[in-house]
Each structure stands twice: as structure tokens, then as C-alpha cells.
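In the order they appear, the protein sequences are chains A and B.
Using our numbering, you'd call the opening residue of the first sequence number 18 and step up by one each time.
Using our numbering, you'd call the opening residue of the second sequence number 68 and step up by one each time.
Note that CB positions come from ideal geometry on N, CA and C, so glycine has one too.
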Amino acid sequence: MAQMAKKIYIMVVSEIPGFNDRDLRVRMPELNIISEIEPVLIAKNPPAEITPAVWLKLAREIYQRADSAIGFVVMHGVDNLLFSACALSYLLPNFPRPVIFTGGQTGNVEVNNMETRANLVNSIQTANFPVAGVGLMFGNRLLRACQAIRSLDEPVNVFTAPLNGILGRIDFSIRLFDKISPPAKGRSRLYQKLNINLAVKDASPLLLADGLSEADKAKDGLIVNAGRYRQLPPPALDLIAAAGNLPVLVWSRKISSAALAPKNMILANHLTWESAVTKFMWARAQTDKIKELKELMAEDVAGEFLE
Amino acid sequence: MRFYFAADNSAEERLQKRFSRLIEILSQAGVLVMSNLADRNLSGFSAPELEKIEQSGELLLEKMDGLIIEGTRPPSESGYLIAIALTHQKPVLYLCEKGKQINQNLVHLQQDKNTGKLLTLKNYAEKDLERVILEFLQTIEKGEGRQLPTIKFTLRITARIERYLQWKTHNTNITKADFLRALIENLIDRDEEYRKFVKKD
Numbered sequence: 018m019a020q021m022a023k024k025i026y027i028m029v030v031s032e033i034p035g036f037n038d039r040d041l042r043v044r045m046p047e048l049n050i051i052s053e054i055e056p057v058l059i060a061k062n063p064p065a066e067i068t069p070a071v072w073l074k075l076a077r078e079i080y081q082r083a084d085s086a087i088g089f090v091v092m093h094g095v096d097n098l099l100f101s102a103c104a105l106s107y108l109l110p111n112f113p114r115p116v117i118f119t120g121g122q123t124g125n126v127e128v129n130n131m132e133t134r135a136n137l138v139n140s141i142q143t144a145n146f147p148v149a150g151v152g153l154m155f156g157n158r159l160l161r162a163c164q165a166i167r168s169l170d171e172p173v174n175v176f177t178a179p180l181n182g183i184l185g186r187i188d189f190s191i192r193l194f195d196k197i198s199p200p201a202k203g204r205s206r207l208y209q210k211l212n213i214n215l216a217v218k219d220a221s222p223l224l225l226a227d228g229l230s231e232a233d234k235a236k237d238g239l240i241v242n243a244g245r246y247r248q249l250p251p252p253a254l255d256l257i258a259a260a261g262n263l264p265v266l267v268w269s270r271k272i273s274s275a276a277l278a279p280k281n282m283i284l285a286n287h288l289t290w291e292s293a294v295t296k297f298m299w300a301r302a303q304t305d306k307i308k309e310l311k312e313l314m315a316e317d318v319a320g321e322f323l324e
Numbered sequence: 068m069r070f071y072f073a074a075d076n077s078a079e080e081r082l083q084k085r086f087s088r089l090i091e092i093l094s095q096a097g098v099l100v101m102s103n104l105a106d107r108n109l110s111g112f113s114a115p116e117l118e119k120i121e122q123s124g125e126l127l128l129e130k131m132d133g134l135i136i137e138g139t140r141p142p143s144e145s146g147y148l149i150a151i152a153l154t155h156q157k158p159v160l161y162l163c164e165k166g167k168q169i170n171q172n173l174v175h176l177q178q179d180k181n182t183g184k185l186l187t188l189k190n191y192a193e194k195d196l197e198r199v200i201l202e203f204l205q206t207i208e209k210g211e212g213r214q215l216p217t218i219k220f221t222l223r224i225t226a227r228i229e230r231y232l233q234w235k236t237h238n239t240n241i242t243k244a245d246f247l248r249a250l251i252e253n254l255i256d257r258d259e260e261y262r263k264f265v266k267k268d
């Protein structure tokens, strides 16, 4: 890799009301004393409308700038942020620079909001550190993106994570913990495919009553959200069996074993929901063989497995 | 009043002595000082307070009334600390001994119409250090360095007080909070004892 220039790219993914990416350095001149920054506009969609096409573009734009960057900050509204950040974790394995997602509490990022501004300052400072991987910076914590979940009762720490997913804290300065990854030694890759031809089912008696439709059978895979169950309900097992050779990802943090499950079922019980969905999209884009799919889903790609 | 003071903790002894002097001046002026220098980092907070702040997601610098940096040998995080302090509308005093040039990025920041109101850059001679600091404190107290009341303060009141505040501010342009702030400012101006305490500075 060529010698690094001291530059941090701010990838603007969500619309920022009353704010233009070109104005960032003027509106927040204090950013220039931390590092040289360069805003890059990726999309102006409201965050709830950010789709896999934007994730792929974002990954590509980041990968292309790796040599001239010391880090990346991604400005993104809270809605869909976890999906976007998890997707980036899988699309850019072994990426040698920090990619820090941040934004504001509201659906849209508002640059005039003090918390959003502080999150941005903290993210830029974090992106200066020689670390790697995709993280979230909100409030006073840095979290591993693919272990984070939405926090319902903490207004400023918008996301939370198990202890192992907390990579740093801010007191007066930013303190990164030892578990944060140093720049990876493995080969950095850019994946440019995600399989979006998947159906998502909720494993509730009501929603599974209709079984598998013809449209579902035409998909490349199913994802069953069984998050509330310790044991899969019979309609869910019937659905998996009816799927035949179609791979079915069952997500539940409480089901402990898939030993007696049909062979087309893949159990994701050590991943967050967003991480499970995006990892399946990534893995399913690489293979249609169940055995390989199971291997890919079992592989630690981005430190995503929860203890 | 709480201040965060940052300086290069690996600077030569001559500067270390000056940092200690600076902390002493602030302490004598009634300021609670927290600093990146040994043992003072979190000294102004109790363990439950720290736990509460950590849980809430707030930053400790939000709890400060201002930031002072001795930048003769700039500490590595000075840019970050200034940026986060300005983001939270906190006044910043950046000190540099006479003869040393202040970073041009900071000079540009001081010329900005918004951040310039909060950022004070000063070259000082050792004999002037006390005066420079006390002038800065007075500027903050007069409100010139802080355009907005930024310290959050939760106050529980009785129904009677609530009713009075409602009656007093109804059909005026004044909010209840503005009314209370004005009352307190008035009290400060008339408090002889406090004025003597401040003048001791």
C-alpha cells in the first residue's frame, strides 16, 4: 500500500437537512484542526430508504480511497444504520482502515444538532487511530458494528453492544480497548455482490399459517426470524421442510442447537438480527450450495459472533 | 466552576512547573480543575456521577465550564479537545509562551465568526500568566465568552412556584427559564460577598 496521506473521508450517506456536503468544512471549521477531511456524497436518501445498492456503492467508494485515507467516517441517519454498517463489515473484510458510522438520534442526520456534531468530532478523532474494522460512534462509546443493537432507553448512546463489542469509551479523550483490531494482515477484499432475492418470515403462528407461497419458492433463500423462541414451533419446521433444497436461515439467540433440524436449515444464534440478515445476503451471493453456505455463515468474517 | 486543563505531560520540567502554577492559579480562583496531568483526570466526579454520565451517553467535557490548553508544546489531543469543546459551546483558552507561534489552523478558527467568539488564543510571558487566566475567567463570567447557557440543570419546583412562573411569564416573550436565569444574574450582581470573592482573583 502506498504511503498514507493524512486525510479522513466523510462519506455522506443520508440526507442532511439544510446542509450540503460541500459546506461541511465551512459549517464546522473546527473539524479542520483534527485532521484534513474530505466529504464525499454517496446518497441523499432518507436513512429508511437506504438499500443494498447504496451499501455496494459505499463499499466501492471506500475501497477505492483506501490508499489515500487514514480512515473513513460514514454519516448515516439512525434508521437502517445497523444494516448498512453490518453489510459494510462483510463487503470489506480485512479492510485496513477504520470505518466509523455516526449520525444523529433523529431519523435524518441534522448537522445543527449538538449531539450529531459531537458524534462527528468523536468519529473523526477515532478515524485517526491506526485501527481497522467497521465501528459505530454514538454518545460516549465506540461499538463493533456487527455486534451492536439499537438501544431503546438511552437517548444519546443510541446503540449498545455486549461488553466484548464495546471497543472504546470517551471520558475526556477517546480510549480504545485492546480488543479493537489493529490493521489486518490478511488480504483486503471488496465484495460487490449481495443476494437480495430472499424472503423474510416471522416465526409467529399467525404469520406462518399460510406456509410457503409460490413466490417464496422462487427465492434464493428464506430467513426466519424466530427471535422469541427457544424451540422452533411446528409451523416453522413444516415451512423449512417444505422449502426442500432452498436454504433457510433461522435467526434466534435462544435456540441452542440445530442438530435435529432439516439439512437446508442454517441456525444463526450468535449473531444480531442485522448481522445475520446481511451476512446471509453476502454468503448467498457467493454460493448456492448449502454446505458451502453453512461454512461461510460459520466463518468469523468481521468479529461478528456474540459470546 | 469546573475546567479541564490539558498540557503535554511529557514536557520538560520548566513547563511542568508552569502547568502546576496554572492549576494553582485556577484552584485559588475557586475553579475545580480536571486535567490530563497525573491523578487529576476524573478527580472532580464521584464514582456514581461517572457511572451516571457513562450510562447517559454524555461526554465529560459537556460537564465542564471551559477548556484551557497550554500549547507551548501542544498535547497530541489538543485539536480534538478544542473541536469537541467548541461543539458544546464551551469557551476555550489556548495558551502559548511568548515567542512561540500558535498553529495557523487555530488562528483561522479564531477568525471564524462563530467559533471565534469562544476561542481565545494568547501568547503570554510567565509573569503575566495569572492576569491572563483571571481575565479569561472574568470574561466567561460576564457571558462574553459564552453566548448560550449550556449547562443542563434539573430543578424540581412546587405547584405554587409553577403557578407563579406561569402567571409571571404568560403573554410575555420571556420563558420561565429566562425569567429564572435573569433573577439569578440579578442576585449575583447584588451579592457583595461574592463580588469580593471574585475580586480577590
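### Short CB-CB distance (under 8 Å) between B/Thr-239 and chain A
Here residue 239 of chain B corresponds to residue number 172 of the second sequence, with the count starting at 1. B/Thr-239 does not count as touching chain A.
### Query
Cα separation between A/Ala-220 and A/Leu-249?
By 1-based counting over the first sequence, the position of residue 220 of chain A is 203. By 1-based counting over the first sequence, the position of residue 249 of chain A is 232. Rounded to the nearest angstrom, the two C-alpha atoms are 8 Å apart.
#### Entry: Classification of B/Tyr-161 by the beta-carbon crowding that lies within 10 angstroms, buried from 16 upward
Walking along the second sequence from the start, residue 161 of chain B turns up at place 94. Looking at its Cβ environment, which holds 16 or more other Cβ atoms inside 10 Å, B/Tyr-161 is buried.
### Task
Under 7 Å Cβ to Cβ from A/Gln-209, same chain only, skipping five residues before and after it: list those, please.
Counting from 1 along the first sequence, the entry for residue 209 of chain A is found at position 192. Counting only Cβ-Cβ distances below 7 Å, and skipping sequence neighbours, we find Leu-73, Arg-77.
### Query
If we count the other Cβ atoms within 10 Å of its Cβ and call it buried at 16 or more, is A/Pro-279 buried or exposed?
Indexing the first sequence from 1 puts residue 279 of chain A at position 262. A/Pro-279 is exposed by the Cβ-count criterion.
#### Entry: Sequence-distant residues of its chain with Cβ nearer than 8 Å to A/Met-18 (five each side left out)
Mapped onto the first sequence, residue 18 of chain A falls at position 1. Unreliable placement is indicated for A/Met-18, whose pLDDT of 41 sits below 50; no coordinate value is reported for it.
### Query
From this set, B/Phe-220, B/Arg-81, B/Lys-119, B/Asp-132, which residue's C-alpha is nearest B/Arg-248's C-alpha?
Counted from its first residue, the second sequence places residue 248 of chain B at position 181. For B/Arg-248, the nearest C-alpha among the options comes from B/Phe-220.
### Task
Measure from the C-beta of B/Ala-150 to each C-beta in chain A and report whether the shortest distance is under 8 Å.
By 1-based counting over the second sequence, the position of residue 150 of chain B is 83. Chain A contact via Cβ: present.
### Task
Can you tell me which of A/Pro-264, A/Val-95, A/Gln-303, A/Trp-299 puts its alpha carbon nearest to the alpha carbon of A/Leu-284?
As a working note, residue 284 of chain A is residue 267 in the first sequence. For the residues A/Pro-264, A/Val-95, A/Gln-303, A/Trp-299, the minimum Cα distance to A/Leu-284 belongs to A/Pro-264.
### Message
Please list the terminal residues of the continuous beta strand (DSSP E) segment that includes A/Glu-55.
### Response
On the first sequence, residue 55 of chain A is found 38 positions in, with the first residue counted as 1. Taken as a continuous stretch (DSSP letters only), the beta strand (DSSP E) holding A/Glu-55 covers 53-58.
### Task
State yes or no: is the C-beta of B/Asn-238 nearer than 7 Å to some heavy atom of the ligand ATP?
Among the components of this structure there are no ligands whatsoever, and the ligand ATP is therefore not found.
#### Entry: Expected contact under 8 Å - CB spacing of A/Leu-323 and A/Leu-288 to nearest Å
Within the first sequence, residue 323 of chain A is the residue found at index 306, counting from 1. Within the first sequence, residue 288 of chain A is the residue found at index 271, counting from 1. Contact flag correct, Cβ pair sits at about 7 Å.
### Task
Consider the Cβ of A/Gly-121: report whether some Cβ of chain B lies at a distance smaller than 8 Å.
The sequence position of residue 121 of chain A within the first sequence is 104, counting from 1. A/Gly-121 does not count as touching chain B.
#### Entry: Those residues which DSSP pairs with B/Gly-269 across a bridge
Since the first residue of chain B shown is 68 and the last is 268, residue 269 of chain B is not available in this structure.
### Task
Taking C-beta pairs closer than 9 Å, name the residues in chain B that A/Leu-159 reaches, listed in chain order.
Here the question's residue 159 of chain A lines up with position 142 in the first sequence. Within chain B, no residue comes near A/Leu-159; the closest Cβ sits about 12 Å away, beyond 9 Å.
### Task
Report back the beta-carbon spacing between A/Asp-237 and A/Asn-212 to the nearest angstrom; my notes put them in contact at under 8 Å.
Within the first sequence, the letter at position 220 stands for residue 237 of chain A. Within the first sequence, the letter at position 195 stands for residue 212 of chain A. Contact holds; Cβ gap of about 5 Å.
### Task
Look up A/Ile-183 in the DSSP assignment and give the residues it is bridged to.
Counting from one through the first sequence, the residue named residue 183 of chain A turns up at place 166. The partner list for A/Ile-183 (beta bridge, DSSP) reads A/Leu-160.
### Query
Is the CB-CB distance between A/Gly-244 and A/Ser-205 below 8 Å?
Reading the first sequence from its first residue, position 227 is the one you call residue 244 of chain A. Reading the first sequence from its first residue, position 188 is the one you call residue 205 of chain A. Not closer than 8 Å, so no.
### Query
From what residue to what residue does the alpha helix (DSSP H) around B/Leu-204 run?
Your numbering for residue 204 of chain B matches position 137 in the second sequence. Where B/Leu-204 is concerned, the enclosing alpha helix (DSSP H) stretches over 196-208.
### Task
Please work out which residues of its chain come closer than 7 Å, Cβ to Cβ, to A/Ile-307, disregarding the five sequence neighbours upstream and downstream, and give them in chain order.
Residue 307 of chain A sits at position 290 when you count from the first residue of the first sequence. Cβ within range, chain order: Pro-264, Lys-280, Asn-281.
### Task
Scan the segment 224-269 of chain A and note each continuous beta strand (DSSP E) run of 3 residues or more that stays entirely inside, going in chain order.
238-242, 265-268
### Message
Pairs of beta-carbons, one from the segment 167-183 of chain A and one from the segment 109-126 of chain B, closer than 8 Å: are there three or more?
### Response
yes
### Task
In the DSSP assignment, find the beta strand (DSSP E) that holds B/Ser-102 and state where it starts and stops.
Here the question's residue 102 of chain B lines up with position 35 in the second sequence. Note, B/Ser-102: beta strand (DSSP E), 99-102.
### Query
Mind checking if A/Arg-134 is an interface residue toward chain B, Cβ cutoff 8 Å exclusive?
Looking up residue 134 of chain A in the first sequence gives position 117. Judged by the 8 Å Cβ criterion, A/Arg-134 is in contact with chain B.
### Query
Cβ atoms of A/Ile-54 and A/Ile-27: under 8 Å apart, would you say?
Indexing the first sequence from 1 puts residue 27 of chain A at position 10. Indexing the first sequence from 1 puts residue 54 of chain A at position 37. For A/Ile-27 and A/Ile-54, yes; Cβs fall inside 8 Å.
### Task
Could you work out which residue in A/Asn-145, A/Gln-81, A/Phe-146, A/Ser-140 is closest to A/Leu-153 when comparing CA atoms only?
By 1-based counting over the first sequence, the position of residue 153 of chain A is 136. That would be A/Ser-140, whose Cα lies nearest to the Cα of A/Leu-153.
### Query
Name the DSSP bridge partner or partners of A/Asp-219?
Walking along the first sequence from the start, residue 219 of chain A turns up at place 202. A/Asp-219 is bridged to A/Asn-242.
### Message
Taking the beta strand (DSSP E) that A/Ala-285 belongs to, which residues open and close that run?
### Response
Within the first sequence, the letter at position 268 stands for residue 285 of chain A. Start and end: 282-285.
### Query
Where does A/Gly-115 fall in DSSP's three states?
Numbered from its first residue, the first sequence carries residue 115 of chain A at position 98. It is worth fixing the name first, because residue 115 of chain A is Pro in this sequence and not Gly. A/Pro-115: strand per DSSP, three-state reduction.
#### Entry: Any chain B beta carbon closer than 8 Å to A/Pro-46
For this step, residue 46 of chain A is matched to residue 29 along the first sequence. Yes, A/Pro-46 counts as interfacial toward chain B.
### Task
Below 8 Å CB to CB, which residues in the same chain sit around A/Ala-302 once its five sequence neighbours on both sides are set aside?
Here residue 302 of chain A refers to the residue found at position 285 when the first sequence is read from its first residue. Correct list, in chain order: Tyr-208, Lys-210, Leu-211, Asn-212.
### Task
Check whether the segment 189-209 of chain B touches the segment 54-64 of chain A, taking contact to mean three or more Cβ pairs, one atom from each stretch, closer than 8 Å.
no
### Query
Just the Cα atoms here: how many angstroms apart are A/Ala-232 and A/Tyr-107?
As a first step, residue 232 of chain A is located in the first sequence; it is residue number 215 there, counting from the start. As a first step, residue 107 of chain A is located in the first sequence; it is residue number 90 there, counting from the start. Answer to the nearest angstrom: the Cα atoms are 28 Å apart.
### Query
For B/His-155 versus A/Ala-135, is the C-beta distance shorter than 8 Å?
Within the second sequence, numbered from 1, the residue matching residue 155 of chain B stands at position 88. Within the first sequence, numbered from 1, the residue matching residue 135 of chain A stands at position 118. Yes, Cβ-Cβ distance for B/His-155 and A/Ala-135 is below 8 Å.
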